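Student: Questions regarding the structure given below will be posed in turn.
Written out as structure tokens, the structure reads:
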């Protein structure tokens, strides 16, 4: 009695390779920014202002992706900007995930009054316009890394709570949950050992999606100058500066924009790829 | 007596007709059932869909709480016991579910599925007991490494049986356990269950809508119709001389092995 179904392996998808590759590159770049950045990201030199990227004429050696209007190296600023973007993505994404998923799991599995309270809060939360809510929160908390993280967590936990609640509800109706009760497992234990493993793939997808969203929110806040202190390089800040001189120096706007786009896309594709790997039925 | 059911009533709120304010109207599903399950009996509970047979089973295992009446398990009244008070008793009455796919956690290996309840009830030598349970239901031991989706329907249902018998229960409720299987797997699973009941001295309640399945396995039958017992009799007597009209209708609905030839 042996069949080959267990031996089937889906090939690691191209999307997992590409997204994982870009994110690895980004993490390495961010971690080793002080060693690999060609220039000091804050050093200004008005004689070297608006240098184009290396393949165009009229460039100086060492400034690979050109300089902005103050003569600061775009590549170095992007590497340092990646540090903040990734910090926010990791910390805010994880915290949002833990809080939102826990509340969604409780609401969906226990139902009754915990569900009623949590669902009402989600309904009320969803009525706030998120970006304005974030700007308001930062204005109250004051700019800084932890203010950004708190703002993202406070706004986005509902995304997890709603989806995980629905997922936990449908899993809770399955017979294996009744069977855990027949076996005498406590309700809390059933939630952690029976329901949680079955909603984990959804949580992973949402987590990576949330990391991408955190990167965008951080960029939006930097764009409106409400991120960390104004002289630290951020992608959103670079995009805001680049926007004013887009006709003279497009590279100041375009390179951070590409980095932002690839990062957000990679996070969401990574989630989809990981979901397939996590699921024993699909694996 | 393994089970004594006395004037059992059960109603559930009907959420589809719930008014905006105030409680939902209740639908009465079980309307005063009284019967006994003697030790060692194999009781068939039969009825059409909506007759309340699954609800009755879930009330006997206290997955649902009866609204009135009494459920006595082995001399102990469990009608309104709290989940905490029930927990030590739960090892003694087990259940095999209708849908073997949804009753096995898809993220656990077969070994973990069988071992989980054993750990909960503090059994020692769990790996040995898991292997023994797999032997008893006729599955190879290496299946403990498999996930449920890697098994066929009949194999999955055997895992469900192994999970129940591993706890060495006194009573097992089997809720429509063969209705999702093809005919040859049905026969195998029924034979297996019959052997296990004999060898382990189990008391079994077997819920089914299919009287031909009941006839093979059970020595006593309760016929349910719309939440009321319309007939209770020994199997042979019920098939020879059904009293209630509803029982006669059910018997006529059994497909014959030799259909009208021209029909083919």
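Protein chains in written order, with this note's numbering: chain A, 3 to 285; chain B, 11 to 274. For every residue, glycine included, the Cβ atom is placed at its ideal position computed from N, Cα and C. Quantities reported herein were computed from a predicted structural model and do not represent experimental measurements.
#1: Can you find a C-beta in chain B that's less than 8 Å from the C-beta of residue 168 (chain A)?
#2: Classify residue 36 (chain A): buried if its beta carbon has 16 or more other beta carbons within 10 angstroms, exposed otherwise.
#3: Below 8 Å on the Cβ atoms is my contact criterion, and I expect residue 104 (chain B) with residue 187 (chain B) to pass it. Report the Cβ-Cβ distance as a whole number of Å.
#4: Can residue 256 (chain B) and residue 231 (chain B) be called in contact, C-beta distance under 8 Å?
#5: Taking the alpha carbon of residue 114 (chain A) as the reference point, which residue from A:73, A:159, A:102, A:167 has its own alpha carbon closest?
#6: For residue 177 (chain A), which residues in chain B fall below 8 Å Cβ to Cβ?
#7: So is residue 90 (chain B) in contact with chain A if we call contact Cβ pairs under 8 Å?
#8: So which residues of chain A does residue 324 (chain B) contact, with C-beta pairs closer than 7 Å?
#9: Would you mind giving the Cβ-Cβ distance between residue 238 (chain A) and residue 222 (chain A), rounded to the nearest angstrom? I have them listed as a contact below 8 Å.
#10: Only counting the same chain, and skipping five residues up and downstream in sequence, which positions put a Cβ closer than 7 Å to that of residue 135 (chain A)?
#11: Can you give me the start and stop residues for the alpha helix (DSSP H) that residue 13 (chain B) sits inside?
#12: Whose C-alpha, out of A:280, A:248, A:225, A:274, is nearest the C-alpha of residue 83 (chain A)?
#13: Spell out the partners DSSP gives residue 185 (chain B) in its beta bridges.
#14: Can you check whether the CB of residue 98 (chain A) is closer than 8 Å to the CB of residue 57 (chain A)?
#15: Would you call residue 75 (chain A) buried or exposed, if buried means 16 or more other Cβ atoms sit within 10 Å of its Cβ?
#16: Pick out whichever of B:65, B:122, B:30 has its Cα sitting closest to the Cα of residue 42 (chain B).
#17: Quick check: is the beta carbon of residue 200 (chain A) nearer than 8 Å to any beta carbon in chain B?
#18: In this structure, how does DSSP classify residue 243 (chain A) when only helix, strand and coil are distinguished?
#19: Whole beta strand (DSSP E) runs in the region 41–68 of chain B with 3 or more residues, listed along the chain?
#20: Going along chain A in order, which residues have a C-beta closer than 7 Å to the C-beta of residue 126 (chain B)?
#21: Quick check on residue 8 (chain A): does DSSP put it in helix, strand or coil?
#22: Does residue 180 (chain A) have its Cβ less than 8 Å from a Cβ in chain B?
#23: Indicate whether at least one CB of chain A lies closer than 8 Å to the CB of residue 97 (chain B).
#24: For the region 64–76 of chain B, which residues have a beta carbon sitting closer than 7 Å to at least one beta carbon of chain A?
#25: Output the boundary residues of the alpha helix (DSSP H) element that contains residue 247 (chain B).
#26: Express the C-alpha separation of residue 202 (chain B) and residue 147 (chain B) in angstroms, rounding to a whole number.
#27: Of all the options B:14, B:251, B:100, which has the alpha carbon lying nearest to the alpha carbon of residue 80 (chain B)?
#28: Can you name the residues that DSSP bridges to residue 32 (chain A)?
#29: Please say whether residue 266 (chain A) and residue 214 (chain A) have beta carbons closer to each other than 8 Å?
#30: With residue 219 (chain A) as the anchor, note down where its alpha helix (DSSP H) starts and where it stops.
#31: Looking only at its own chain, which residues have a Cβ that is under 8 Å from the Cβ of residue 242 (chain B), when we skip the five neighbours before and after it?
#32: Would residue 110 (chain A) and residue 171 (chain A) be called neighbours here (beta carbons separated by less than 8 Å)?
#33: Going by DSSP, name the residue or residues bridged to residue 274 (chain A).
#34: At a CB distance below 7 Å, what residues from the region 165–197 of chain B approach chain C? Give them in sequence order.
#35: Closer than 7 Å: is that where the CB of residue 271 (chain A) sits relative to any heavy atom of the ligand ATP?
#36: On the three-state DSSP scale, how would you describe residue 3 (chain A)?
Tutor: The short version:
#1: no
#2: exposed
#3: About 12 Å separates the two Cβ atoms, so there is no contact after all.
#4: no
#5: A:167
#6: 107, 108, 109, 112, 113
#7: no
#8: Any question about residue 324 (chain B) goes unanswered here, given that chain B covers just 11 to 274.
#9: 6 Å
#10: 157
#11: No alpha helix (DSSP H) holds residue 13 (chain B); the beta strand (DSSP E) holding it covers 13–23.
#12: A:225
#13: B:217
#14: no
#15: buried
#16: B:65
#17: yes
#18: helix
#19: 52–56
#20: 185
#21: Here the model assigns residue 8 (chain A) a pLDDT of 49, short of 50, so the residue's position is not dependable and the matter cannot be decided.
#22: yes
#23: yes
#24: 71, 73
#25: 245–250
#26: 7 Å
#27: B:14
#28: BP columns for residue 32 (chain A) are empty, so no partner.
#29: yes
#30: 198–225
#31: 45, 230, 231, 232, 233
#32: yes
#33: Per DSSP, none; premise fails for residue 274 (chain A).
#34: The question asks about chain C, but that chain is absent: this structure's protein chains are A and B.
#35: The model on display carries no ligand, and the ligand ATP is accordingly not part of it.
#36: Caution is warranted here: a pLDDT of 45 is assigned to residue 3 (chain A), below 50, making its placement in the model unreliable, and the coordinate value is therefore given only provisionally. Correct three-state label for residue 3 (chain A): coil.
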